[in-house]
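As they're listed, the protein sequences go chains A and B. Start counting the first sequence at 0; every next residue gets the next number (numbering that gives the first Met the number 0). Start counting the second sequence at 0; every next residue gets the next number (numbering that gives the first Met the number 0). From the three backbone atoms N, C-alpha and C, an ideal C-beta is built for every residue, glycine too. Just so it is clear, the structure is predicted and the values come from calculations on it, not from any experiment. Input: a single structure, listed below in structure tokens.
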Amino acid sequence: MDIGAAKMIGAGLAVIALLGVGIGIGNIFSTLISAIARNPEAKKDVFGVAMLGFALTEAVALFALLISFLILFN
Amino acid sequence: MHSPLHQFEIEEIFPFSIGGIDLPFTNAALYMALSALAITLMVMLSGRSIEKPGILQIFVEKIFGFIHNLVDENIGPTGQKYIPLVFSLFTFILFGNLFGMIPYAYTFTSQIILTFALALVVFILITVIGFIKHGFHFFSYFMPPGAPIFMAPLLIVIEIISFLSRPVSLSIRLFANMMAGHTMLKVFSMFTISLGVFGFSTIIATSVLIGFEFMIAFLQAYVFSVLTCLYLRDVIELH
Numbered sequence: 000m001d002i003g004a005a006k007m008i009g010a011g012l013a014v015i016a017l018l019g020v021g022i023g024i025g026n027i028f029s030t031l032i033s034a035i036a037r038n039p040e041a042k043k044d045v046f047g048v049a050m051l052g053f054a055l056t057e058a059v060a061l062f063a064l065l066i067s068f069l070i071l072f073n
Numbered sequence: 000m001h002s003p004l005h006q007f008e009i010e011e012i013f014p015f016s017i018g019g020i021d022l023p024f025t026n027a028a029l030y031m032a033l034s035a036l037a038i039t040l041m042v043m044l045s046g047r048s049i050e051k052p053g054i055l056q057i058f059v060e061k062i063f064g065f066i067h068n069l070v071d072e073n074i075g076p077t078g079q080k081y082i083p084l085v086f087s088l089f090t091f092i093l094f095g096n097l098f099g100m101i102p103y104a105y106t107f108t109s110q111i112i113l114t115f116a117l118a119l120v121v122f123i124l125i126t127v128i129g130f131i132k133h134g135f136h137f138f139s140y141f142m143p144p145g146a147p148i149f150m151a152p153l154l155i156v157i158e159i160i161s162f163l164s165r166p167v168s169l170s171i172r173l174f175a176n177m178m179a180g181h182t183m184l185k186v187f188s189m190f191t192i193s194l195g196v197f198g199f200s201t202i203i204a205t206s207v208l209i210g211f212e213f214m215i216a217f218l219q220a221y222v223f224s225v226l227t228c229l230y231l232r233d234v235i236e237l238h
């Protein structure tokens, strides 16, 4: 296998982590929706925590994306 | 065409060296100085009028109130003295991220050494505060209360590793977010050229992504300051 093809495959494999991130972000927002549906008054407090959780989860996706970019363009 | 990673290259503006050590003024340093200057000017020129606040004063007061709330909620009333630290961390990172969104400007928060230096300041600060507040009792931080004693060898190792990995995770989160975000924008704009007539679809996607990047710029500054507050509370309250 030549090195270019191996790089492409490696970059593809690196973003498998997005599977877990997709599940995680879906989980955060589904819980947020059900929390707000149960108690609409809690929206203000819950939303900030949800955004924090979203940013922390999304960072994992970007780690994977970063690795794949580094493989592709270096 | 340049590679998407070309935007992170550091260029010397003024070459300068003392005793064989290179200390050039680079484009990253330029934007760091610019954002520090912008924050200082913004706060100094904001004015202190009670009857008739200007736009700038309202803006600065909003940011200050936001940080005040953040510290109040996360550290508690004893955390008032940490507001200047959290405020300067937040505004510096926010301005760095937002300056990076100006076309052709340099995003200095995409340099791991800068974010690591910021995280290291926080890490050294929490360690020193822990020792000042609790003395050698600070080491009990590494043993969660209520855990069975035979678990101690395992728990203490895990807690020490998690404590030491804080500056690493704090710095890599910010660095990876800014770098991946900006690389993604460049990759999407490269699609515009390679798709030819259908390029307009990626232009729309890129515009949406730019909005998303502005949100990330704010969110990452927020996350950095929230985690700083949480770490501070951890060592102040000790469990």
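query, result
"Once DSSP output is grouped into helix, strand and coil, what is the label at F217 (chain B)?", "helix"
"Look up S206 (chain B) in the DSSP assignment and say whether it is helix, strand or coil.", "helix"
"Could you give the residue range of the beta strand (DSSP E) that holds F197 (chain B)?", "No beta strand (DSSP E) holds F197 (chain B); DSSP gives it neither H nor E."
"Using a Cβ-Cβ cut-off of less than 9 Å, list which residues of the segment 1-28 of chain A approach chain B; keep chain order.", "none"
"Starting from E11 (chain B), trace the beta strand (DSSP E) both ways and give me its first and last residue.", "E11 to F13"
"At 3 residues or longer, and completely inside the segment 48-102 of chain B: list those beta strand (DSSP E) runs for me, N to C.", "none"
"Who are the Cβ neighbours of F283 (chain B) in its own chain at under 7 Å, not counting the five residues just before and after it?", "Because chain B is modelled from 0 through 238, residue 283 (chain B) falls outside the range shown and cannot be assessed."
"Give the residues from the segment 174-199 of chain B that approach chain A closer than 8 Å (Cβ to any Cβ), ordered along the chain.", "A175, N176, M178, A179, G180, T182, M183 and V186"
"So does the segment 45-58 of chain A actually touch the segment 15-33 of chain A, counting three or more Cβ pairs closer than 8 Å?", "yes"
"Suppose you measure from the CA of S33 (chain A) to the CA of V45 (chain A); what does that come to, to the nearest Å?", "11 Å"
"Using a Cβ cut-off of 8 Å, which residues of the segment 161-175 of chain B contact any Cβ in chain A, in chain order?", "I171, R172 and A175"
"Quick one: is F68 (chain A) near chain B, going by C-beta distance under 8 Å?", "yes"
"Counting only Cβ pairs nearer than 7 Å, list the residues of chain B close to A58 (chain A).", "R172, A175 and N176"
"Rounded to the nearest angstrom, what separates G129 (chain B) and F86 (chain B) at their Cα positions?", "21 Å"
"In the structure shown, what three-state DSSP assignment does T106 (chain B) receive?", "coil"
"Contact between the segment 216-234 of chain B and the segment 67-83 of chain B: three or more CB pairs below 8 Å?", "yes"
"So what's S34 (chain B) in DSSP terms, helix, strand or just coil?", "helix"
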